[in-house]
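Those sequence lines, one after another, are chains P, V and F. FYI, the numbering for the first sequence is 1 to 351, going by the UniProt record's numbering. FYI, the numbering for the second sequence is 1 to 351, going by the UniProt record's numbering. FYI, the numbering for the third sequence is 1 to 351, going by the UniProt record's numbering. Please read the structure below before turning to the comments.
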Amino acid sequence: MKPNYPFNCWYVAATSEEVGRRPLGRRLLDVPVVLYRTGAGAVVAMRDRCVHRAYPLSSGHLEGDRVVCGYHGFAYDPDGVCVDVPSQENPPIGARVRTFPVFERGPLVWIWLGQPGAAALRTPPATPWLTDPGWASFGERLHVGANYLLLHEHYLDLTNVFAMHPANVPPGIDRLPYLDEVEVSEMSVRYTRALPPARLAPWEAEATGLPRGPEYHRREQGTFVSPALHVQRWVIDTEQGDSYEQLRMHGFTPETPTTTHVFLRVARNYSTDRALVSDHLRGFFLDMIGRDAAVLEVVQRQLAEEGEPGRDINVKADRAAVRARRVAQAMVAEETGRPLPRTPTNAIARS
Amino acid sequence: MKPNYPFNCWYVAATSEEVGRRPLGRRLLDVPVVLYRTGAGAVVAMRDRCVHRAYPLSSGHLEGDRVVCGYHGFAYDPDGVCVDVPSQENPPIGARVRTFPVFERGPLVWIWLGQPGAAALRTPPATPWLTDPGWASFGERLHVGANYLLLHEHYLDLTNVFAMHPANVPPGIDRLPYLDEVEVSEMSVRYTRALPPARLAPWEAEATGLPRGPEYHRREQGTFVSPALHVQRWVIDTEQGDSYEQLRMHGFTPETPTTTHVFLRVARNYSTDRALVSDHLRGFFLDMIGRDAAVLEVVQRQLAEEGEPGRDINVKADRAAVRARRVAQAMVAEETGRPLPRTPTNAIARS
Amino acid sequence: MKPNYPFNCWYVAATSEEVGRRPLGRRLLDVPVVLYRTGAGAVVAMRDRCVHRAYPLSSGHLEGDRVVCGYHGFAYDPDGVCVDVPSQENPPIGARVRTFPVFERGPLVWIWLGQPGAAALRTPPATPWLTDPGWASFGERLHVGANYLLLHEHYLDLTNVFAMHPANVPPGIDRLPYLDEVEVSEMSVRYTRALPPARLAPWEAEATGLPRGPEYHRREQGTFVSPALHVQRWVIDTEQGDSYEQLRMHGFTPETPTTTHVFLRVARNYSTDRALVSDHLRGFFLDMIGRDAAVLEVVQRQLAEEGEPGRDINVKADRAAVRARRVAQAMVAEETGRPLPRTPTNAIARS
Chain P
1 MKPNYPFNCW YVAATSEEVG RRPLGRRLLD VPVVLYRTGA GAVVAMRDRC
51 VHRAYPLSSG HLEGDRVVCG YHGFAYDPDG VCVDVPSQEN PPIGARVRTF
101 PVFERGPLVW IWLGQPGAAA LRTPPATPWL TDPGWASFGE RLHVGANYLL
151 LHEHYLDLTN VFAMHPANVP PGIDRLPYLD EVEVSEMSVR YTRALPPARL
201 APWEAEATGL PRGPEYHRRE QGTFVSPALH VQRWVIDTEQ GDSYEQLRMH
251 GFTPETPTTT HVFLRVARNY STDRALVSDH LRGFFLDMIG RDAAVLEVVQ
301 RQLAEEGEPG RDINVKADRA AVRARRVAQA MVAEETGRPL PRTPTNAIAR
351 S
Chain V
1 MKPNYPFNCW YVAATSEEVG RRPLGRRLLD VPVVLYRTGA GAVVAMRDRC
51 VHRAYPLSSG HLEGDRVVCG YHGFAYDPDG VCVDVPSQEN PPIGARVRTF
101 PVFERGPLVW IWLGQPGAAA LRTPPATPWL TDPGWASFGE RLHVGANYLL
151 LHEHYLDLTN VFAMHPANVP PGIDRLPYLD EVEVSEMSVR YTRALPPARL
201 APWEAEATGL PRGPEYHRRE QGTFVSPALH VQRWVIDTEQ GDSYEQLRMH
251 GFTPETPTTT HVFLRVARNY STDRALVSDH LRGFFLDMIG RDAAVLEVVQ
301 RQLAEEGEPG RDINVKADRA AVRARRVAQA MVAEETGRPL PRTPTNAIAR
351 S
Chain F
1 MKPNYPFNCW YVAATSEEVG RRPLGRRLLD VPVVLYRTGA GAVVAMRDRC
51 VHRAYPLSSG HLEGDRVVCG YHGFAYDPDG VCVDVPSQEN PPIGARVRTF
101 PVFERGPLVW IWLGQPGAAA LRTPPATPWL TDPGWASFGE RLHVGANYLL
151 LHEHYLDLTN VFAMHPANVP PGIDRLPYLD EVEVSEMSVR YTRALPPARL
201 APWEAEATGL PRGPEYHRRE QGTFVSPALH VQRWVIDTEQ GDSYEQLRMH
251 GFTPETPTTT HVFLRVARNY STDRALVSDH LRGFFLDMIG RDAAVLEVVQ
301 RQLAEEGEPG RDINVKADRA AVRARRVAQA MVAEETGRPL PRTPTNAIAR
351 S
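Laid out in structure tokens, this is it:
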């Protein structure tokens, strides 16, 4: 399978906690990358492959700010330049490994694996709720055996909840209303939807502590911020004018064309000092994402067996997902010069 | 490996017992199929793939006579028409999955995966001994990691018994006589062979209860009924004119080009009310087929490593096997328009 | 991956101990081979595949000097001629499997898998220290998941010891001197190196029993004798003019393009009657080769992921390794008529 992800895009490489004074090897966009932190705390990312032989630098160790290969001891400075070859006086001129721009903000380390000069033209997407003291958040990293676009499309169409997670739906709602709006920009796709008033689902009551009796209005917003990031916003509005907001952020970073690193973060603007709420929501979302992943891995295997693409029939609920796929395809087409694939089944079928 | 099995042929899909009110997913001729039974008991077979996303319907559930996808809840009638998409008022026009003709008779469900209109022109092979009250039968389903033709050829040349199953051969016989006859029709190949008089092998004595002292005549007949079915007939004739007949039927259904579902049925016209005889024969045949499968899986792996075909030297004992392979190849050639492969080593070598 | 090993070369097929009266199946240069010994003790090697069906003869058994297939009982004489087909009176004319020249000397059995007539023009490399009573030797067989050239190159550049096996280096030496000489002949590459005086490493003291106080001169010589054989000579010279010599021989026999059989032999000209020294050295070398293999298997996997070759930067320490690779490539090019690959990164980088 040809990669269907763009390189000119900031992706989450790791959580801040994961990167330290032991080299961390990770495959990102099918590129082997080693990540580590200098003595001063700066994050370094470089190609995880010695210039000399095909051995990963992540199997070596750090000496000061240098990473030293575990095979013949070649040493590299944080700029990727080979500065020591123990078997000779001077290292070969020009021997260096490629380094990658990184950007650390809050709990995440972002990486740019695209065209070297272009990184400076863009910044990773803003994630203010991860650093704003008015919000509480927690995270998990997962590995899913499915292409990253299957994950994006899955979370851009929540109508699967009735079949997959019926206990999570607010009581009395047995069908989601159509999307109110789907906004498409150069790189992002956003839908919004208002839900009819309904009482709280058990997980909502548990998390918010709101009384279970009344009905509440809810607003849902899903955003394909970029090929690297999906953000879902879920707001419960009370009669008193309070808004209980919750953001579920998925950093989707392709590991290979058929596997994805998922960096889940969940933030909320209520009960920010209650660890029990975090624990509850963590269990709730891990349980849900586990079921999501199991389904998507089945889909990935079936797609691999089918070989040829293009059989899917899309329906109205797929409006945002289909547009997001289109955005990603256009970015890949622009980068590679390959033509944008025809997607004959992408037309929305009649209601 | 290109498929070497014809589609225009009835194959065993499942035993009747296997098909019920839980959808059963099974790969047949490399096609994913879901099988289930309607409330009225009719067997339904359709492509095991939702029209919407690549998710197997067999991972969903039944609602009445409908199968409902476990991902977004798309529902299908037994005729494959999508009749409900929960996220919108009406399902897309024309959304349907392919269904396959099925035919249930006795303990077996047959399926037609070929050209849709052509099913009606043929019927599954007759298997009267499976339903005739004068016969007793039992069955097992097995999975073998070898191409279906390797199985056919194996059972069309029983001279391997001396190397593989020497304890099963009637005492005193150390070589099988040549085949008396090999009849070839459009789709079938049948050989017959008379054995010289010999006393009973232990398994024969155990099954028939006949006295071990005398010698008996035996007639053996092996039939490649179609690419889907092999039937072996083994008759022990007594001096008194009684015939102890036993039929071993193998439904061979390719799962993939290199794996096969084997539907074994063993029927007999003697001791039909004695369960102990069935138990004895079941153990006997399972033991034998287990050793057969182990050998054929080794052959399959070696063929895969060899890559190019056509090295085999055939001998007289392969007469029926070679003709059966030829029949299957001709059916595939006719269906696909690909030319019949040259099989330079197929000539029978001199005795 | 196309094979990068020549066929016209004697390789180690097995140790003498491994070949006996049970057929031994082994894949050598991606060819399935069966090895056994006749009643008189001669080693026989033939293609491990019956002429009739793709079943390995090594799964059969011996009858006298014949190997009998376990499927239908076809029997073969040591010259590969099929002499019995149990199901008919005479075997097919001309039915035979290919046999391979073998050569047993000391503890090893060598095989020629190349052009049939050419075996007689060459002999396996001389290994006098394996049979000379003035030397003691022992051996082990290992299986490594890496191309045979990765193993050759690894042992032709010992500068990895500082990163991989620092405890084995004589104390006070923190860098190996440059190679004194690299001699290249038609099929072999040899380097020599003199080490500066140093005290004994623990393993040297243990093996030789020499006093630990003084410093000793050492001479090291590594030889790519042929694509099949690497020999390393390690000599410790005493003030008294005694030479403690040790030879480490690696028979590298490709199993497949990405896996290798390693036949390790270690010989010494001192303490030849002390089994404890053998035990010590066996543990020492097995430990080291285990770590070597782990690294090379990682390199092999990374090369497989990279797909395209040619990224390696070579340094001065690779002089012998690069020439050995060139010798092997030239042999393959000559055999196959494929052009010698360009190796743009093979130039030695400046010191």
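Ideal placement from N, C-alpha and C gives every residue a C-beta, glycine not left out.
Since residue i is in the alpha helix (DSSP H), which residue starts that stretch and which ends it?
| i | result |
| --- | --- |
| Ser278 of chain V | Ala275 to Glu306 |
| Gln329 of chain F | Arg319 to Thr336 |
| Tyr148 of chain P | Tyr148 to Leu156 |
| Met164 of chain V | Val161 to Met164 |
| Ala205 of chain F | Pro202 to Thr208 |
With distances taken from CA atoms, which of the options is nearest residue i?
| i | options | result |
| --- | --- | --- |
| Val97 of chain P | P:Ala328, P:Cys69 and P:Gln329 | P:Cys69 |
| Ala320 of chain F | F:Arg193, F:Arg37 and F:Leu296 | F:Arg193 |
| Val44 of chain V | V:Val51, V:His52, V:Tyr55 and V:Arg21 | V:Arg21 |
| residue 352 of chain V | V:Met331, V:Phe252, V:His280 and V:Trp234 | Here chain V has residues from 1 to 351 only, and residue 352 of chain V is not among them. |
| Ala126 of chain V | V:Leu229, V:Ala95 and V:His154 | V:Leu229 |
| Ala163 of chain V | V:Ala201, V:Ser16, V:Val295 and V:His250 | V:Val295 |
| Pro128 of chain V | V:Glu18, V:Ala304, V:Tyr11 and V:Val231 | V:Val231 |
| Trp112 of chain F | F:Arg274, F:Thr258, F:Leu35 and F:Gly307 | F:Leu35 |
| Gln88 of chain F | V:Val315, V:Glu306 and V:Gly145 | V:Val315 |
| Glu104 of chain V | V:Tyr11, V:Leu281, V:His152 and V:His154 | V:Tyr11 |
| Thr123 of chain P | P:Ile313, P:Trp110 and P:Gln115 | P:Trp110 |
| Glu305 of chain P | P:Ala333, P:Thr258, P:Val322 and P:Asp318 | P:Thr258 |
| Thr272 of chain V | V:Val262, V:Glu245 and V:Gln240 | V:Glu245 |
| Glu220 of chain F | F:Gln240, F:Glu239 and F:Tyr178 | F:Tyr178 |
| Ser185 of chain F | F:Val161, F:Val262 and F:Met331 | F:Met331 |
| residue 425 of chain V | V:Arg49, V:Ala201 and V:Glu239 | Not covered by the structure: residue 425 of chain V. The range shown for chain V is 1 to 351. |
Work out the CA separation of residue j and residue i for me, nearest whole Å.
| i | j | result |
| --- | --- | --- |
| Met4 of chain F | Val102 of chain F | Sequence check: residue 4 of chain F is Asn here, not Met. Rounded to the nearest angstrom, the two C-alpha atoms are 22 Å apart. |
| Met288 of chain P | Trp203 of chain P | 12 Å |
| Ser351 of chain V | Gln329 of chain F | Confidence in Ser351 of chain V is poor, its pLDDT being 33 and thus under 50, which makes the residue's placement unreliable; the coordinate value appears in the next sentence. About 48 Å. |
| Ala40 of chain P | Gly80 of chain P | 17 Å |
| Arg338 of chain F | Arg301 of chain P | 39 Å |
| His61 of chain F | Val67 of chain F | 6 Å |
| Arg47 of chain P | Leu176 of chain F | 28 Å |
| Pro32 of chain P | Phe100 of chain P | 11 Å |
| Ala13 of chain F | Leu108 of chain F | 8 Å |
| Val85 of chain F | Ile173 of chain V | 16 Å |
| Ala347 of chain V | Asp157 of chain V | In this prediction, Ala347 of chain V has a pLDDT of 35, which is less than 50 and means its spatial position is unreliable; nothing more can be read from the coordinates. |
| Arg26 of chain P | Phe252 of chain P | 14 Å |
| Val182 of chain V | Arg326 of chain V | 14 Å |
| Ala95 of chain P | Asp312 of chain F | 10 Å |
| Val322 of chain P | Ser16 of chain V | 42 Å |
| Ala118 of chain P | Phe7 of chain F | 50 Å |
Would you mind giving the Cβ-Cβ distance between residue i and residue j, rounded to the nearest angstrom? I have them listed as a contact below 8 Å.
| i | j | result |
| --- | --- | --- |
| Leu130 of chain V | Gly106 of chain V | 4 Å |
| Val266 of chain P | Arg291 of chain P | Contact flag wrong, Cβ pair sits at about 16 Å. |
| Val277 of chain V | Ala207 of chain V | 6 Å |
| Phe285 of chain F | Leu264 of chain F | 7 Å |
| Ala198 of chain V | Pro166 of chain V | Going by Cβ atoms, the distance from Ala198 of chain V to Pro166 of chain V rounds to 14 Å, so no, they are not a contact pair. |
| Pro254 of chain F | Leu29 of chain F | 5 Å |
| Leu149 of chain P | Ala54 of chain V | The pair is not a contact, with the Cβ atoms about 13 Å apart (cut-off 8 Å). |
| Asn147 of chain F | Thr38 of chain F | The pair is not a contact, with the Cβ atoms about 34 Å apart (cut-off 8 Å). |
From which residue to which residue does the beta strand (DSSP E) around residue i run?
| i | result |
| --- | --- |
| Val229 of chain V | Per the sequence presented here, residue 229 of chain V reads as Leu, with Val not at that position. Here the beta strand (DSSP E) through Leu229 of chain V covers Leu229 to Asp237. |
| Arg66 of chain P | Arg66 to Val68 |
| His217 of chain F | Tyr216 to Ser226 |
| Pro86 of chain P | That residue, Pro86 of chain P, is in no beta strand (DSSP E); it is neither H nor E in DSSP. |
Would you check if there are 3 or more beta carbon pairs closer than 8 Å linking the stretch 124-137 of chain V to the stretch 210-220 of chain V?
no
Quick test of the definition: if touching needs 3 or more C-beta pairs under 8 Å, does the stretch 221-228 of chain V touch the stretch 175-191 of chain V?
Touching, yes, given that three or more Cβ pairs across the two stretches are closer than 8 Å.
Report yes or no: do three or more beta-carbon pairs, one from the stretch 53-60 of chain P and one from the stretch 71-89 of chain P, lie closer than 8 Å?
They touch, by the three-pair rule.
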